[in-house]
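Q: After the structure tokens below, expect a handful of questions from me.
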Amino acid sequence: MSKILTIGEILVEIIAIERGNGFREAVPLIGPFPSGAPAIFIDQVGKLGQDCAIISTVGDDDFGWVNIDRLTRDGVDVSGIEVVPQGTTGSAFVRYREDGSRAFVFNILHSACGQIELNDKTRVLIDGCTHMHVMGTALYAPSVVLSILDAVDRIKAKGGTVSFDPNLRPEILDSPGMREALQTVLSKTDLFMPSGEELFLFANAQTEKEAIDELLAKGIKAVVIKRGQHGASYFDKDTAIDVKGFKVEEIDPTGAGDCFGATFVTFWLNGAAPQDALRYANASGARAVTRAGPMEGASTRAELDALIQSQERS
Ligand code: ATP
Ligand code: MG
């Protein structure tokens with residue numbers, strides 16, 4: 039039986055109800071919503087009934103407990119979440135601009151999850167896992183990078199696998215050691231899951247095909263490219279598959295890539311054909327954008343089946 043692990047930030051997200059440019063005036067807000075890319079990812083994995091765990095740190099405050107309660111409800115092993123009595127759980131305030139882009143105010147580095155470190159208990163948890171998913175957003179602090187690289191090595195040493203979603207926000211790309219950390223993770227990656235320009239971050243190539251060939255030549259077993267409303271594609275050395283997206287009304291795109299990734303990895307680890315894993319992952323990403331709040335649109339297997347059946351009938 040496989041068990042999927044991720045390590046990284048747990049946050050609450052607080053969303054401005056009205057569109058506009060940032061937070062330099064008082065605006066109506068809604069939240070807190072459980073969030074953090076690794077947390078959204080692992081919540082979606084748990085909702086599919088797949089054994090999984092997260093290592094993170096929260097404060098002993100409502101923002102921490104709203105996350106622990108949700109992850110527990112959805113079937114995630116939360117024994118690796120440390121609750122720091124004097125800590126404050128991380129947060130992200132987000133306001134959508136008129137053009138659909140997002141303005142953020144983050145409190146991550148100096149929040150409880152800025153201090154993630156492994157200990158004897160979390161090392162035992164890691165040794166019970168067979169797959170590690172790395173989120174690029176989680177490489178925000180040196181101690182978190184060390185924890186992630188340690189977990190990757192421990193899991194790979196026992197024959198486990200690694201997936202990697204670079205999930206890069208421009209704000210974090212230039213933080214100290216970030217590019218080196220991304221390169222190190224990539225060199226240990228089995229399944230690489232970029233979206234848009236992220237494909238070219240680690241390739242010299244100019245075209246998509248050349249970039250994929252370059253990545254596969256480095257030893258990556260498979261590349262999955264997310265294409266927003268247009269769906270997604272899968273490539274390995276023998277296969278190239280495009281699957282188009284589902285037609286849904288987009289309310290809030292945050293979390294789509296994380297839910298997509300969680301569903302793809304879960305199906306892939308359970309031996310699904312790439313075509314089927316892509317179809318379910320597309321359904322998961324599509325359902326994610328129909329709900330306000332980053333984790334609110336995570337799906338059960340029955341909900342994915344219902345979306346797939348409804349669109350295959352029409
Ligand atoms: P994120 O903002 O969460 O990091 P991302 O850039 O990693 O997102 P996207 O390509 O935006 O990833 O979305 C991931 C997947 O979700 C897509 O490949 C697609 O399957 C699905 N998806 C996203 N947006 C839509 C949409 N508007 N309609 C249908 N499906 C969508
Ligand atoms: Mg993403």
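For the sequence shown, my numbering begins at 39 and goes up steadily by one. Backbone N, C-alpha and C fix where the C-beta goes; we use that ideal spot for every residue, glycine too.
Which stretch, first to last residue, makes up the beta strand (DSSP E) that contains G128?
A: Translated into positions along the sequence shown, residue 128 becomes position 90. Its beta strand (DSSP E) spans residues 128–134.
Q: Can you round the beta-carbon distance between L132 and I48 to whole angstroms, since I take them to be within the 8 Å contact cut?
A: Counted from its first residue, the sequence shown places residue 132 at position 94. Counted from its first residue, the sequence shown places residue 48 at position 10. Just to set this straight, residue 132 is Val in the shown sequence, not Leu. V132 to I48, Cβ: 16 Å. No contact.
Q: Thinking just about the alpha-carbon of each residue, which of S139, F305, I106, T160 is nearest to the one in V83?
A: Here the question's residue 83 lines up with position 45 in the sequence shown. Comparing C-alpha distances from V83 to each of S139, F305, I106, T160 shows the shortest one belongs to F305.
Q: Can you tell me the Cα-Cα spacing of S94 and F101, whole angstroms?
A: For the purposes of this step, residue 94 is taken as the residue at position 56 of the sequence shown. For the purposes of this step, residue 101 is taken as the residue at position 63 of the sequence shown. Rounded to whole angstroms, S94 to F101 spans 14 Å at the Cα level.
Q: Within the present structure, is the beta-carbon of G335 separated from the nearest heavy atom of the ligand ATP by less than 6 Å?
A: Numbered from its first residue, the sequence shown carries residue 335 at position 297. Taking non-hydrogen atoms of the ligand ATP into account, the C-beta of G335 is found less than 6 Å away from none of them.
Q: To the nearest angstrom, report how far apart K282 and G269 are at their CA atoms.
A: Residue mapping note: residue 282 aligns to position 244 of the sequence shown, counting from 1. Residue mapping note: residue 269 aligns to position 231 of the sequence shown, counting from 1. Each residue's alpha carbon lies about 4 Å from the other.
Q: Suppose contacts are defined by Cβ-Cβ distances below 7 Å. Is Y178 in contact with L211 by that definition?
A: In the sequence shown, residue 178 corresponds to position 140, counting from 1. In the sequence shown, residue 211 corresponds to position 173, counting from 1. No, the pair does not count as a contact, with Cβ atoms beyond the cut-off.
Q: Is F302 near A319, with beta carbons less than 7 Å apart?
A: The sequence position of residue 302 within the sequence shown is 264, counting from 1. The sequence position of residue 319 within the sequence shown is 281, counting from 1. A contact, by the Cβ cut-off of 7 Å.
Q: Take every Cβ of the stretch 66–74, pair it with every Cβ of the stretch 322–340, and state whether three or more of those distances are shorter than 8 Å.
A: The answer is yes - the stretch 322–340 touches the stretch 66–74, with three or more Cβ pairs under 8 Å.
Q: Which residue comes first and which comes last in the alpha helix (DSSP H) that contains L342?
A: For the purposes of this step, residue 342 is taken as residue 304 along the sequence shown, with counting starting at 1. Segment 339–351, the alpha helix (DSSP H) holding L342.
Q: Go through its chain and collect everything with a Cβ distance to A75's Cβ below 6 Å, but skip five positions before and after it.
A: In the sequence shown, residue 75 corresponds to position 37, counting from 1. Within the same chain, A75 has close Cβ partners M173, T175, N205, D296.
Q: Counting Cβ pairs, one atom from each stretch, are 3 or more of them under 8 Å apart for the stretch 219–239 and the stretch 253–265?
A: yes
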